[in-house]
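According to numbering that gives the first Met the number 0, the first sequence is numbered sequentially starting from 0. Ideal Cβ positions, reconstructed from N, Cα and C, are used throughout, including at glycine. Worksheet: the structure to be examined is printed underneath.
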Amino acid sequence: METIARGVNERVRGDVVVGTWFGAHREPFKTPHAEQAKGLAGRVVLAVHRTGKHIVCELGPAGMGGAASTGRSGAGTMPEAQWIVHLGMTGRLLVTTPEAPVAAHTHARVELKSGRELRFVDPRRFGRLEFRELSAAAGFGGPGLDPLTVEAEDFAKLFKGRKLVIKAALLNQTLLAGVGNIYADESLFRAGIRPGRRAGRLTRAELERLRTALKSVLEHAIRLGGSSVSDYVDANGVKGFFQLEHCVYMRTGQPCRVCEKPIQRILVGGRGTHFCTNCQR
DNA sequence: CATTTCACCTGGTGGC
DNA sequence: TGCCACCAGGTGAAAT
0 METIARGVNE RVRGDVVVGT WFGAHREPFK TPHAEQAKGL AGRVVLAVHR
50 TGKHIVCELG PAGMGGAAST GRSGAGTMPE AQWIVHLGMT GRLLVTTPEA
100 PVAAHTHARV ELKSGRELRF VDPRRFGRLE FRELSAAAGF GGPGLDPLTV
150 EAEDFAKLFK GRKLVIKAAL LNQTLLAGVG NIYADESLFR AGIRPGRRAG
200 RLTRAELERL RTALKSVLEH AIRLGGSSVS DYVDANGVKG FFQLEHCVYM
250 RTGQPCRVCE KPIQRILVGG RGTHFCTNCQ R
């Protein structure tokens, strides 16, 4: 999500919405099509960033003349609204041109003044699109803390007294916002902690290992453009390379990169969970 | 409440 | 080749 948000930001910041198209499916939309279309119309895109797993497009007032090519039109302008994109499992947010062939399962197209077009493509339709006015209410942001910036004390506090297993706790977006299945497994491996351990029973030292492992694994993945497990691509349609660094995720039966014992796969909360029985305790 | 399970979707893969 | 079971970057409602 971080990789995608950065890529989209680079290519659409300062651009202006000149048209929208929404597909017929009801599912991918948290806000009705008509409301999104009306809300987006004519607005300037001030910036695009990530909050948790959501990609948030900050929107300025309609009728601001700039386009991406003119630079930072709208710089210094306060956001008035947000277009929020959640990609679910298979969603993509692509920057193309209006002429580019339209992929199957394209649910939304946002035409921009510069001649670019932002497209939301999502075969499984687990993704969601939302438009929010920012009148008086606070901006978008769930209760979960960001794993890249959370500090030791706050991190430890999240898990205190909790009976659920640590893997499930890591995936709970109301605790930490932004940790998905890949990075939950990879960070637990790097911290040497079994996914089935009760969150509340981890020692302070283990929690601190987990926090730093999570942070470094996410930072490393972002540097490599994310993990392209099957069809993941960034805004330019480019794959990431962190999947080459995976130690456990989707490596069931393959030798552990540290001790060579085969990687195990179990189910935790219905999610495939991968770990090394030797390196993780 | 906290925690667990399951439905929501389509598509790819591997076994028979 | 076809058919079928199973798996997949995630949530959020319903059940326990």
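Separation of residue j from residue i, as counted between CA atoms
{"i": "residue 202", "j": "residue 84", "result": "37 Å"}
{"i": "residue 264", "j": "residue 44", "result": "43 Å"}
{"i": "residue 256", "j": "residue 166", "result": "21 Å"}
{"i": "residue 276", "j": "residue 8", "result": "41 Å"}
{"i": "residue 47", "j": "residue 241", "result": "23 Å"}
{"i": "residue 91", "j": "residue 120", "result": "5 Å"}
{"i": "residue 251", "j": "residue 162", "result": "27 Å"}
{"i": "residue 273", "j": "residue 96", "result": "40 Å"}
{"i": "residue 19", "j": "residue 227", "result": "29 Å"}
{"i": "residue 6", "j": "residue 94", "result": "9 Å"}
{"i": "residue 118", "j": "residue 237", "result": "15 Å"}
{"i": "residue 39", "j": "residue 16", "result": "7 Å"}
{"i": "residue 77", "j": "residue 181", "result": "35 Å"}
{"i": "residue 105", "j": "residue 22", "result": "7 Å"}
{"i": "residue 113", "j": "residue 14", "result": "6 Å"}
{"i": "residue 59", "j": "residue 11", "result": "13 Å"}
{"i": "residue 33", "j": "residue 204", "result": "51 Å"}
{"i": "residue 262", "j": "residue 150", "result": "31 Å"}
{"i": "residue 164", "j": "residue 29", "result": "31 Å"}
Endpoints, alpha helix (DSSP H) assigned at residue i
{"i": "residue 6", "result": "1-11"}
{"i": "residue 155", "result": "151-158"}
{"i": "residue 143", "result": "Here residue 143 belongs to no alpha helix (DSSP H), and DSSP marks it neither H nor E."}
{"i": "residue 245", "result": "Looking at the DSSP string, residue 245 is not in any alpha helix (DSSP H), and its letter there is neither H nor E."}
{"i": "residue 179", "result": "From DSSP, residue 179 is part of no alpha helix (DSSP H); its letter is neither H nor E."}
{"i": "residue 40", "result": "Run containing residue 40: none; DSSP gives neither H nor E here."}
Three-way DSSP call (helix, strand, coil) for residue i in this model
{"i": "residue 53", "result": "strand"}
{"i": "residue 45", "result": "strand"}
{"i": "residue 223", "result": "coil"}
{"i": "residue 104", "result": "coil"}
{"i": "residue 132", "result": "strand"}
{"i": "residue 259", "result": "coil"}
{"i": "residue 209", "result": "helix"}
{"i": "residue 273", "result": "strand"}
{"i": "residue 189", "result": "helix"}
{"i": "residue 109", "result": "strand"}
{"i": "residue 61", "result": "strand"}
{"i": "residue 267", "result": "strand"}
{"i": "residue 200", "result": "helix"}
{"i": "residue 164", "result": "strand"}
Counterpart residues of residue i in DSSP-defined beta bridges
{"i": "residue 95", "result": "116"}
{"i": "residue 18", "result": "110"}
{"i": "residue 254", "result": "261"}
{"i": "residue 127", "result": "85"}
Nearest-angstrom beta carbon gap, residue j and residue i [assumed within contact, 8 Å]
{"i": "residue 53", "j": "residue 139", "result": "7 Å"}
{"i": "residue 108", "j": "residue 116", "result": "6 Å"}
{"i": "residue 2", "j": "residue 225", "result": "4 Å"}
{"i": "residue 199", "j": "residue 154", "result": "Actually they do not touch by this definition, with Cβ atoms about 14 Å apart."}
{"i": "residue 214", "j": "residue 170", "result": "At roughly 17 Å, the Cβ-Cβ gap does not stay under 8 Å, so residue 214 and residue 170 are not in contact."}
{"i": "residue 195", "j": "residue 208", "result": "With 8 Å as the limit, residue 195 and residue 208 do not qualify as a contact, their Cβ atoms being about 17 Å apart."}
{"i": "residue 247", "j": "residue 185", "result": "6 Å"}
Beta strand (DSSP E) segment containing residue i, residue limits
{"i": "residue 83", "result": "80-85"}
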